[in-house]
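In terms of this note's numbering, the sequence shown opens at residue 1242 and continues consecutively. We put the beta carbon where it would ideally sit given N, CA and C, even for glycine.
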Amino acid sequence: MRDTFPLLVKTDFPAIRRRKLVTLQANLGYRCNQSCLHCHVAASPKRTEEMSWETMSLLLDFARRHSVQTLDLTGGAPEMNPNFRRLVSAARTQGLRVIDRCNLTILSEPGYQTLADFLAEQNVEIVASLPCYLEENVDAQRGDGTFQASIDGLRKLNALGYGLPRSGRILNLVYNPLGPSLPPDQSTLELAYKDQLASRYGINFNQLFALTNMPIQRFGSQLVSRNEFHDYMNLLKGSYQSTNLDDVMCRSLLSISWQGQVFDCDFNQMLKLELGGQETGPVYLADLVDAELQGRPIRVADHCYGCTAGQGSSCGGALEQSEAAVMQ
């Protein structure tokens, strides 16, 4: 796989600083039941890296000390970490809002048949990846049979009240483009998703998040191999919107690796771009338990244009609301 780091590290992206910390986004490991082409962590069933319970305990203590509101769990498939349920239960007892970034197909895997019930019992918010409402497009990106397994997962979640009005169980979906292009308007696409999934499969959900593909890991390597990297970067830079700087996720989020190392965002973690304001090497969660983070500089590189291009892109979807969204 071709490394795009040398092509990204020299940048003219504007300097930005941290605000109040709201979210800890923890990568519980790279093991996954899928190997998606767009995956920016290069997860797969062959990966063995996983966060230990010792690091999870430190995560919970850090959240308590810094009055963190949200614990956002990612992977790989975060549910494949053997301590996933223990962490979720402890976090919910502590009063944290918990988000599970679920690939949907894990809900049907052997050994995970009760996972959906557990998530519902703990009132965990689910952010589920579904790159299209058409079977051929999803299977092309994520492998044959993935779409049907995803639909099965969504039906299981709907049966538990997820995505239904007034149920209180949140189910959001994630869209990302198939190739080197910006996602379409999020609010317009959400209407299409809701119409198509309801009419074709009887499926409901709350919101759609449209994310831009980052030029790193598998997707970045693919761009380089196809001689599309520079064209894609030109697209991102040419679509830069300065107003998106106010709401980029790194201002209020810390990204924690499976080893407990701290980064400004999940993408920086994959590039091994060390935490902004630290020039002495890797920083771990234990080093920051009593640290003041607000006002610290954020480490940037050219991939940051992916979060500020067009309508913007973050873990919570587009940063700018279109006219259609405002009128709803």
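message = Taking its Cβ as the centre, do 16 or more other Cβ atoms sit within 10 Å of GLN1266, making it buried, or is it exposed?
response = buried
task = Compare the C-alpha of LEU1398 against each of LEU1300, VAL1365, LEU1301 and GLY1517 and name the closest.
result = VAL1365
ask   = What number of angstroms, rounded off, separates the C-alpha of GLU1515 from the C-alpha of ILE1539?
value = 10 angstroms
query = Which residues does DSSP pair with THR1379 in a beta bridge?
reply = Before going further, note that residue 1379 is Val rather than Thr in the sequence given. VAL1379 pairs with nothing; no bridge assigned.
inquiry  = In whole angstroms, give me the CA-to-CA distance for THR1296 and GLN1502.
reply    = 10 angstroms
inquiry  = Does the stretch 1491 to 1500 come into contact with the stretch 1439 to 1457, if we say contact requires no fewer than three beta-carbon pairs (one atom in each stretch) closer than 8 angstroms?
reply    = no
ask   = Out of curiosity, what's the CA-to-CA distance linking TYR1403 and ASN1413?
value = 9 angstroms
Of the residues LEU1419, ASP1528 and ARG1537, the one placed nearest ARG1459, counting alpha carbons only = LEU1419
query = Which of the three DSSP states, helix, strand or coil, is assigned to ALA1256?
reply = coil
message = My parser needs the alpha helix (DSSP H) runs of 4 or more residues fully inside the stretch 1422 to 1505; what are they?
response = 1427 to 1442, 1458 to 1466 and 1470 to 1479
request  = List the endpoints of the continuous beta strand (DSSP E) containing ALA1369.
outcome  = 1366 to 1370
task = Measure the CB-CB distance between PRO1456 and HIS1544 and report whether it falls below 7 angstroms.
result = yes
message = Need the endpoints of the alpha helix (DSSP H) that ILE1347 sits in, please.
response = That residue, ILE1347, is in no alpha helix (DSSP H); it is neither H nor E in DSSP.
Limits of the unbroken alpha helix (DSSP H) element including TYR1185 = Only positions 1242 to 1569 of the chain appear in this structure, which leaves residue 1185 out of reach.
task = Could you check the C-alpha separation between ASP1472 and PHE1508 for me, to the nearest Å?
result = 20 angstroms
query = Given that a residue counts as buried once 16 or more other Cβ atoms are within 10 Å of its Cβ, and exposed if not, what is GLY1394?
reply = buried
inquiry  = Between the alpha carbons of ASN1322 and THR1315, how many angstroms are there, rounded?
reply    = 10 angstroms
query = If you run the structure through DSSP and keep just helix, strand and coil, what is ALA1566?
reply = For ALA1566, the predicted structure reports a pLDDT of 41, less than 50, and the residue's modelled location is therefore unreliable. A value from the coordinates is still provided. Three-state result, ALA1566: helix.
request  = For VAL1582, count neighbouring C-beta atoms within 10 Å of its own C-beta (all shown protein chains included) and say buried if the count is 16 or more, exposed if not.
outcome  = It is not possible to answer for residue 1582, since the shown part of the chain is limited to 1242 through 1569.
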